[in-house]
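**Student:**
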Amino acid sequence: MSDFPGWHGTTIIGVRKGGKVVIAGDGQVSAGQTVMKGTARKVRRLSPGGQEIVAGFAGSTADAFALLERLEAKLEASPGQLARAAIELAKDWRTDKYLQKLEAMLIVSDGRDMFVVTGAGDVLEPEHDVAAIGSGGNYALAAGRALMDGDLSAEEVARRAMAIAADICVYTNDSLTVETIGG
């Protein structure tokens with residue numbers, strides 16, 4: 071996104087609770103002070119080799135799709151091993167000259183495990199069962215962690231945290247895509 075100064079967008083949250091993982095993302099893409107699109111779909115289901123994976127992305131859409139395709143290939147090579155596939159993707163992303171230029175971050179889950187994958191070579195599993203990325207990620211993360219102690223379901227935590235982020239972050243809206251996996 072550095073090639074396009076002023077482009078902003080996306081808040082993605084992942085919540086693991088009650089045997090389920092929910093990944094939710096807003097739909098806003100902004101250029102400077104202009105909302106370019108309010109209903110972008112940044113959370114997707116993948117089915118490499120029949121496996122069910124949910125992924126949310128922040129950053130460049132084209133870059134994210136390139137990474138998702140590579141993740142699918144890694145999952146086909148290591149069926150049922152999301153951690154291994156995510157680590158292999160992060161290693162390639164960090165060391166390949168073409169991939170190093172990709173500007174995106176991912177939250178991925180198979181319903182059991184959930185990881186944030188970055189171009190810095192990080193594959194992070196959230197300590198408190200909540201992960202968030204993107205423009206409003208810090209707001210969604212703080213709200214999600216605060217909501218985890220109550221009786222809310224994973225989806226309710228994700229939706230409320232996203233609503234709070236949308237109220238605070240001008241680059242986040244309330245047009246959500248929500249995907250649930252596990253349980």
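Going from the sequence shown to the working numbering is simple: count from 1 and add 70.
Glycine included, each C-beta is placed from N, C-alpha and C at the ideal position.
1) For Ser130, does the count of other Cβ atoms within 10 angstroms reach 16, so buried, or fall short, so exposed?
2) If we ignore side chains and look at the alpha-carbon of each, how far apart do Val187 and Leu194 end up?
3) Can you say whether Glu146 is buried or exposed, counting buried as having 16 or more other CB atoms within 10 angstroms of its CB?
4) Do Ala212 and Ile177 have their C-beta atoms within less than 8 Å of each other?
5) Pairing CB atoms from the segment 214–221 with CB atoms from the segment 88–100, are three or more of them under 8 Å?
6) Under the DSSP definition of a beta bridge, which residues are partnered with Met43?
7) Quick one: residues in its chain with C-beta nearer than 6 Å to the C-beta of Ala235, no 5 flanking neighbours on either side, listed in chain order?
8) Mapping the DSSP letters down to three states, classify Glu197 as helix, strand or coil.
9) So does the segment 107–117 actually touch the segment 223–240, counting three or more Cβ pairs closer than 8 Å?
10) Output needed for Arg164: all residues of its chain with C-beta closer than 8 Å, excluding positions within five of it in sequence on either side, in chain order.
11) Who pairs with Phe185 in a beta bridge, going by DSSP?
12) Tell me the DSSP bridge mates of Thr247?
13) If you follow the alpha helix (DSSP H) that Lys87 is in, where does it begin and where does it stop?
14) Smallest Cα separation from Ile123: which of Asp183, Ala132, Phe135, Ala134?
15) With distances taken Cα to Cα, identify the nearest neighbour of Leu152 among Asp162, Leu141, Lys161.
16) Spatial neighbours of Ala88 within its chain, please: C-beta separation below 7 Å, excluding the five flanking residues on both sides.
**Tutor:** In brief:
1) For the purposes of this step, residue 130 is taken as residue 60 along the sequence shown, with counting starting at 1. So Ser130 counts as buried.
2) Here residue 187 refers to the residue found at position 117 of the sequence shown. Here residue 194 refers to the residue found at position 124 of the sequence shown. Rounded to whole angstroms, Val187 to Leu194 spans 7 Å at the Cα level.
3) For the purposes of this step, residue 146 is taken as residue 76 along the sequence shown, with counting starting at 1. Per the 10 Å Cβ criterion, exposed.
4) The residue you call residue 212 lines up with position 142 of the sequence shown. The residue you call residue 177 lines up with position 107 of the sequence shown. Their beta carbons are not under 8 Å apart, which means Ala212 does not touch Ile177 by this criterion.
5) no
6) Residue 43 is absent from the structure shown; the chain starts at 71 and stops at 253.
7) As a working note, residue 235 is residue 165 in the sequence shown. Excluding sequence neighbours, Ala235 sits near Thr81, Gly206, Tyr209, Ala210, Thr242.
8) Working through the sequence shown from its first residue, we reach residue 197 at position 127. Glu197 falls in the coil class under three-state DSSP.
9) no
10) For the purposes of this step, residue 164 is identified with residue 94 of the sequence shown, where counting begins at 1. Excluding positions up to five away in sequence, the list reads Gln170, Gly189, Ala190, Gly191.
11) Taking the first residue of the sequence shown as 1, we reach residue 185 at position 115. According to DSSP, which records beta bridges pairwise, Phe185 is partnered with Val178.
12) Working through the sequence shown from its first residue, we reach residue 247 at position 177. DSSP, once it has assigned bridges, lists Gly95 as partnering Thr247.
13) Position 17 of the sequence shown holds residue 87. Careful: Lys87 lies outside any alpha helix (DSSP H), inside the beta strand (DSSP E) at 81–87.
14) Counted from its first residue, the sequence shown places residue 123 at position 53. The option with the nearest alpha carbon to Ile123 is Asp183.
15) Position 82 of the sequence shown holds residue 152. Comparing Cα-Cα distances from Leu152 to each of Asp162, Leu141, Lys161, the minimum goes to Leu141.
16) Reading the sequence shown from its first residue, position 18 is the one you call residue 88. Contrary to the premise, residue 88 reads as Gly rather than Ala in this sequence. Correct list, in chain order: Ser223, Ala224, Gly253.
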